[in-house]
Amino acid sequence: MTMPLMKPRRKNPVLRTPQMNLPPWARGRTALGMTAAAAEGRFELQVCERCAAVQYPPRDACHRCLSAELAWRAQSGEGELLSETVLHHSNDPFYRERLPWRLGLVRLDAGPTVIVHLHGDVASPISTQGTVAAAPAASGEPAPRQPPRPPQRSVRVHVGARLDRAGAAVLIGFPPEESEHMADDKMLREMASDPRFRKILVTDGKTAVGQALVQALVKAGAEIVWVGHAEPWKKLPGLDDISALAPVTLVPLDLSNGRSVVELAGEIGGKVDIVVNNAEVHRAFGIAARRGTDAARAEMDINYFGLLRLAQELGPALRARSADGTTHAAAWVNLLSVYALSNYPPHGTFSASKAAAHSLAQCLRAEMRPSGIRVINVFPGPIDDEWNQNLPPPKVAPAALASAIVKALKEGIEDVYPGDVAQEWLERWRENPKVLERELSAGG
Ligand SMILES: [Zn+2]
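Each number in this note's numbering corresponds to the 1-based position in the sequence shown with 1 added.
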């Protein structure tokens, strides 16, 4: 059984901060299909369109009929553990620092046999109850000299795909049923950014989404949650409830003001493990509905430049601490919008600012990757807040959005599309971005 994670001791400030070593991450173009699915929390394998064979590892042609018509399809991941091994030695710096490491060979019910990182709660397929004697020799022949074989037992596992510290898809063998403290498994914590015992900055506590996020992070076991508050002199609804929670500290933070960001980074930059940037300005205008550029500038100033200021000031500290013990710096979450994929004309300038932020977040992700810091981009559909009052349902409730973000941290998901609208837009956008653009210009 997994031992529950204990609250880590304070770091000795005299000790040198270790540098991050990443697991091997080079993948071919075809194999990146598995990474693309894992980034959204799905386990997909190639399935032949012609003979229905499921294959692993990913290849350019079907291993059975050589057809090139291969499609990525979600897999149940059910299978049987054939064998396991524990690494006690590795030439790879990442694994060398984390030994011993458990690996397994799993035959999936769908067909292929895969190598997985094995969760500590999966039983061993080798029975410890006695050994099987060597087969008796046929009469007249000398007995073959074989060492006795331990008996095997059938162990079911559930295989899932996760992104490792380098952001590449790897397969993990989980026990078929959820076990206690399952998330505290040492190997699993390397693949995710569980908020438990971590120190987290939420950049805006004044919105319903910000407050729901703080509640959800505290519930998930965060040690400290700093909550940004742009106008500390103002009394805002809901803020008192949040600040009454034990791990919460309100901090002055105005992302439109470079000095405010620098001051906060100077104060807490060396301690933050997870940044959740949820600050946004949202006005419901297109181009023609309003004269001048002030509203569009305000959106750009928070949604795009705010992210840039925050990343410049907090990014280096986070990168430097990515290998720092059990609760190392781990993740950066950006609250974007599904309007970042394709412009929604009634909220035209807001969409444009989120598209800019999305592009910048991709840059941030590339820069954070060598340190193993996960950048999670969240693309909700319309949120049930004051700026979407005129939109008909379905809308994402702030609490649902917050729990989707916590789930993404726990499971190491990189791209999150919470809610029915976001899911539907994503599908339409993937199918044909041009068709979606035309549909949106006609009102959705
Ligand atoms: Zn085939």
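Heads up, the beta-carbon is just placed ideally off N, CA and C, and yes, glycines get one too.
Predicted model only: the values in this text are computed from it and were never measured.
- Between ligand 1 and Arg51, a heavy atom-to-CB distance of less than 7 Å is present.
- DSSP lists His230 as the beta-bridge partner residues of Pro253.
- Close CB contacts of Ser442 within its chain, under the 7 Å cut and outside five residues either way in sequence, are with Pro346 (chain order).
- Pairing Leu218 with Pro196 gives a Cβ-Cβ distance under 8 Å.
- Nearest in C-alpha terms to Trp26, of all of Met7, Gly373, Val160, is Gly373.
- Beta-carbon to beta-carbon, Glu70 and Glu50 are separated by about 4 Å, close enough to satisfy the 8 Å threshold.
- A residue is called buried once 16 or more other Cβ atoms fall within 10 Å of its Cβ, and Ala312 is buried on that count.
- Among the bridge pairs identified by DSSP, Asn389 is matched with none.
- Distances taken from the Cβ of Ala111 to the heavy atoms of ligand 1 include none shorter than 7 Å.
- Here Lys396 carries a coil assignment [DSSP, helix/strand/coil].
- Relative to ligand 1, Ala72 has its C-beta separated by 7 Å or more from all heavy atoms.
- By the Cβ neighbour-count rule, Cys66 is exposed, with fewer than 16 other Cβ atoms within 10 Å of its own.
- Pairing Val228 with Val252 gives a Cβ-Cβ distance under 8 Å.
- Restricting attention to Glu45, Glu98, Arg320, the CA atom closest to the CA of Ala111 is found in Glu45.
- In the structure shown, Asp241 adopts helical secondary structure according to DSSP, grouped into three states.
- The beta carbon of Asn22 sits closer than 6 Å to the beta carbons of Pro94, Phe95 from its chain, once the five residues preceding and following it are set aside; these are given in chain order.
- Taken in chain order, the complete beta strand (DSSP E) segments of 3 or more residues contained in the region 57-86 are 71-75.
- Here Gly267 is exposed. Its C-beta has fewer than 16 other C-beta atoms within 10 Å.
- Judged by pairs of C-beta atoms under 8 Å, the region 315-325 does not touch the region 417-431, as fewer than three such pairs exist.
- With respect to Leu237, Thr204 sits apart: the two C-beta atoms are not nearer than 8 Å.
- For the pair of segments examined, the region 391-398 was found not to touch the region 355-365: the number of CB pairs separated by less than 8 Å stays below three.
- The shortest CA-to-CA distance from His90 to any of Arg103, Val282, Arg292, Phe380 is the one to Arg103.
- A straight-line Cα-Cα distance of about 34 Å links Asp122 and Cys63.
- DSSP links Cys49 through a beta bridge to Leu71.
- Here the alpha carbon of Arg97 sits roughly 44 Å from the alpha carbon of Trp426.
- The beta-bridge partner set that DSSP reports for Val160 consists of Gly174.
- Taking the CA atoms as reference points, Gly293 sits about 13 Å from Glu300.
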